[in-house]
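Asks:
Protein chains in written order, with my numbering: chain A, 1 to 349; chain B, 1001 to 1285.
Written out as structure tokens, the structure reads:
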């Protein structure tokens, strides 16, 4: 899948003279947004489904965060949940010990926590005299996530294995966000903002550099780009997004536990992203929707519930082997999946 | 005095378990450059084989002997069907083997019904050395590990197949040009690694209760051991496993246990960062 980036970029340059092909991705994005806007009204009878939808929004942040790492910059992170979980814990502790949960301060705090922690990891794993191997980065993030889970599950101050429950509700002034439509729209607004930001990065000149890195890192290095710095930058931003997701998760569930920062959730993020189609940003969101909704529906059917993880594993294996572009790759062309970069030249198309 | 001997024996026993698990992982990683995320599940399947033999009323010894054979066959089939597609792409291989591991783990979890099963030690009891009670089964594990490591080393260093393995590790293209079928060697290596994992699982299951997660707990430590020792060598992963196993068993005696566990990972990661090529330099399996 790495080699496709380049062909698409050149195809795009060659296609400049021609009329631009019909674009499908904006329609998918718009359609998803429309469904997301209407959903709570359609579901207003079933509060459990609104809760599920909110959860999907929040986990989508984690999926986008992973897509920034893998789909955009080719960093295999098996520890994306670490930033998610740590930010969630920080938020829960701030609520418990400082009795404070104002939206305007805690959400930026969570983003800062995710950003700094991911920056620290990036500095350790990516920067240095010698460029690290991809294996080292993948195993390093996995180890970080695993070690954090083990540390937290033995640490009494943060609730050890039971995690922190009864997290203080998220407040805006005097208003408290409980589960329901209000929280749903808050999560949706956050998701849309993060999505637009990520989309901007993907389609900017920075995104072009990242696409080049995915295809041939060495060549980009010869062009004079400090490749590892770019990776570290995107990894930190991805950590920020995951941190924001973790904070919302903590507030929404009223609970955060060691499992929310371990390799289990980290690999779930990988599954979301690969199902939907990595590198497309909307793909991981749709992947999250598909996996979570199916899990929820199938949980009611006893016969399937027990083998659901097996099915999930088999589908993941099939995706990895036969459809590495994800399900979105069936619909949209490579050229559109990889995207276009920078401003369009006025005489170009 | 006796406490030191006991500590030393505990550390030694855990190192043996680690070496047994890491050896198979290291061989596969060295030959094909694949970090097999399903390795923990191969260990689990080895343990499960022993459990099956016991529940059918057969001797546990038969199960221990059968486990490597069963796993070698499973390894061969998996290599044929899936793994060989991943040789060119180590990251994709991680995802693919993770998926395989997930499938195996969840199937076994379903079969076990989520319960923990304890399996009694085929040789129970203790014997006394230097006034210290030493578990007989752990001694068996230590001795088996020594035999396996020595046997693997002799196989690689002294036999003609071992020479082919070393040759295709050093230069696959040249090996192919010399008429060595690297595809067959890779299939063989993967089966061999799986068999070692199966044996490890069969041997350690009496020490830990059988549950679907028996292999996962060792996986991250095993990966770090391979990285620490250096991919592409025989001694490297063994030494790495000794270092990680020694730290994991020894650190809880020095610092509080809550910190000891993550500390092992942090120390190992820092060493790998400082010395990315591992203890032993590449190309000398």
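Each residue gets a CB set at the ideal place from its N, CA and C atoms; glycine is no exception.
Keeping to the same chain, check which residues put their C-beta closer than 7 Å to that of residue 132 of chain A; ignore five residues upstream and five downstream.
Replies: Excluding positions up to five away in sequence, the list reads 125, 126.
Asks: Would you tell me roughly how many angstroms separate the C-alpha atoms of residue 211 of chain A and residue 204 of chain A, rounded to the nearest one?
Replies: Answer to the nearest angstrom: the Cα atoms are 11 Å apart.
Asks: Quick check on residue 140 of chain A - is its C-beta less than 9 Å from some C-beta in chain B?
Replies: Cβ-Cβ to chain B under 9 Å: yes for residue 140 of chain A.
Asks: Rounding to the nearest angstrom, what Cα-Cα distance links residue 348 of chain A and residue 282 of chain A in this structure?
Replies: For residue 348 of chain A, the pLDDT reaches just 41, beneath the cut-off of 50, and the residue's location in the model is therefore unreliable, although a value from the coordinates is still provided. If you take the alpha carbons of residue 348 of chain A and residue 282 of chain A, they lie about 27 Å apart.
Asks: To which residues does DSSP link residue 176 of chain A through a beta bridge?
Replies: According to DSSP, residue 176 of chain A bridges with A:171.
Asks: Among the residues of its own chain, which have a CB less than 8 Å from the CB of residue 1110 of chain B, if the five just before and after it don't count?
Replies: Counting only Cβ-Cβ distances below 8 Å, and skipping sequence neighbours, we find nothing.
Asks: Contact criterion: CB-CB distance below 9 Å. Does residue 1106 of chain B meet it with respect to chain A?
Replies: It does; some Cβ of chain A falls within 9 Å.
Asks: Can you pull the chain A neighbours of residue 1110 of chain B, defined as C-beta to C-beta under 7 Å?
Replies: Those are 306, 307, listed as they occur along chain A.
Asks: Which whole-angstrom value describes the C-beta separation of residue 295 of chain A and residue 272 of chain A, a residue pair presumed to lie in contact below a C-beta threshold of 8 Å?
Replies: Wrong, their Cβ atoms sit about 11 Å apart, outside the cutoff.
Asks: Under 9 Å, Cβ to Cβ, is there at least one residue of chain A near residue 1100 of chain B?
Replies: Yes, because at least one Cβ of chain A sits closer than 9 Å to the Cβ of residue 1100 of chain B.
Asks: Is residue 89 of chain A buried or exposed, if buried means 16 or more other CB atoms sit within 10 Å of its CB?
Replies: With 16 or more Cβ atoms within 10 Å of its Cβ, residue 89 of chain A is classed as buried.
Asks: By the criterion of Cβ-Cβ separation under 9 Å, what are the contact partners of residue 1035 of chain B in chain A?
Replies: Per Cβ cutoff of 9 Å: 135, 138, 139.
Asks: Got a sec: is the Cβ-Cβ distance from residue 1012 of chain B to anything in chain A below 9 Å?
Replies: No, residue 1012 of chain B does not count as interfacial toward chain A.
Asks: Measure the C-alpha to C-alpha separation of residue 67 of chain A and residue 280 of chain A and round it to an integer number of angstroms.
Replies: Residue 67 of chain A and residue 280 of chain A: Cα-Cα distance of roughly 8 Å.
Asks: Assign residue 305 of chain A to buried or exposed, taking buried as 16 or more other Cβ atoms, counted over all protein chains shown, within 10 Å of its Cβ.
Replies: Under this definition residue 305 of chain A is an exposed residue.
Asks: In terms of residue numbering, what span does the alpha helix (DSSP H) encompassing residue 1139 of chain B cover?
Replies: Start and end: 1136-1158.
Asks: From residue 244 of chain A to residue 218 of chain A, what does the alpha carbon distance come to, in whole angstroms?
Replies: Cα-Cα distance, rounded: 33 Å.
Asks: If the cut is a Cβ gap below 8 Å, which residues of chain A does residue 1090 of chain B touch?
Replies: Going along chain A in sequence order, the residues near residue 1090 of chain B (Cβ under 8 Å) are 134, 135.
Asks: For residue 1215 of chain B, which residues in the same chain have their Cβ closer than 6 Å to its Cβ, ignoring the five residues on either side in sequence?
Replies: Once the five neighbours on either side are set aside, the close Cβ partners of residue 1215 of chain B are 1040, 1041, 1043, 1044.
Asks: Which same chain residues, not among the five before or five after residue 290 of chain A, have their C-beta less than 7 Å away from its C-beta?
Replies: If we look at residue 290 of chain A and ignore the five residues flanking it on each side, its Cβ neighbours are 275.
Asks: Quick test of the definition: if touching needs 3 or more C-beta pairs under 8 Å, does the region 1198-1207 of chain B touch the region 1044-1060 of chain B?
Replies: Contact between the region 1198-1207 of chain B and the region 1044-1060 of chain B is present, because at least three Cβ pairs lie under 8 Å.
Asks: Does DSSP put residue 1277 of chain B in a helix, a strand or coil?
Replies: Of the three classes helix, strand and coil, the one that applies to residue 1277 of chain B here is coil, per DSSP.
Asks: Among the candidates B:1250, B:1270, B:1257, whose CA atom is the shortest distance from the CA of residue 1004 of chain B?
Replies: Of the listed residues, the one whose Cα sits closest to residue 1004 of chain B is B:1250.
Asks: How long is the line joining the alpha carbons of residue 83 of chain A and residue 1132 of chain B, rounded to whole angstroms?
Replies: In a straight line, the C-alpha of residue 83 of chain A is about 46 Å away from that of residue 1132 of chain B.
Asks: Pop quiz: residue 248 of chain A and residue 187 of chain A are said to be a contact at Cβ under 8 Å. What is the actual Cβ separation, rounded to whole angstroms?
Replies: Between residue 187 of chain A and residue 248 of chain A the Cβ distance is about 6 Å, and since that is below 8 Å, they are a contact.
Asks: Which residue's Cα is closest to the Cα of residue 1155 of chain B: B:1189, B:1178, B:1236, B:1177?
Replies: Ranking the options by Cα distance to residue 1155 of chain B, first place goes to B:1189.
Asks: If you drop the 5 nearest sequence neighbours on each side, which residues of the same chain put their C-beta closer than 6 Å to that of residue 1227 of chain B?
Replies: Taken in chain order, the residues that qualify are 1272.
Asks: Let me see if you follow: with CB-CB separation under 9 Å, is residue 146 of chain A close to chain B or not?
Replies: Output row for residue 146 of chain A: interface = yes.
Asks: How would you write the range of the alpha helix (DSSP H) that residue 190 of chain A sits in, first residue to last?
Replies: Counting along the chain, the alpha helix (DSSP H) containing residue 190 of chain A begins and ends at 181-203.
Asks: Any C-beta of chain B sitting closer than 9 Å to the C-beta of residue 288 of chain A?
Replies: Output row for residue 288 of chain A: interface = no.
Asks: Could you check whether the Cβ of residue 1007 of chain B sits closer than 9 Å to any Cβ belonging to chain A?
Replies: Closer than 9 Å: no.
Asks: Return the residues of the region 1068-1089 of chain B that lie within a Cβ-Cβ distance of less than 9 Å from chain A, sorted by chain order.
Replies: The region 1068-1089 of chain B vs chain A, Cβ under 9 Å: 1082, 1085, 1086, 1089.
Asks: Since residue 256 of chain A sits in a beta bridge, which residues does DSSP pair it with?
Replies: In the DSSP output, where bridge partners are listed per residue, residue 256 of chain A has A:164.
Asks: Assuming residue 153 of chain A and residue 160 of chain A make a contact with CB atoms under 8 Å, what is their CB distance in whole Å?
Replies: With 8 Å as the limit, residue 153 of chain A and residue 160 of chain A qualify as a contact, their Cβ atoms being about 6 Å apart.
Asks: Taking Cβ-Cβ distances shorter than 8 Å, what residues in chain B pair up with residue 154 of chain A?
Replies: Within chain B, the residues near residue 154 of chain A are 1257, 1258, 1261.
Asks: Along the chain, where does the beta strand (DSSP E) that runs through residue 1126 of chain B open and close?
Replies: That run of the beta strand (DSSP E) goes 1126-1129.
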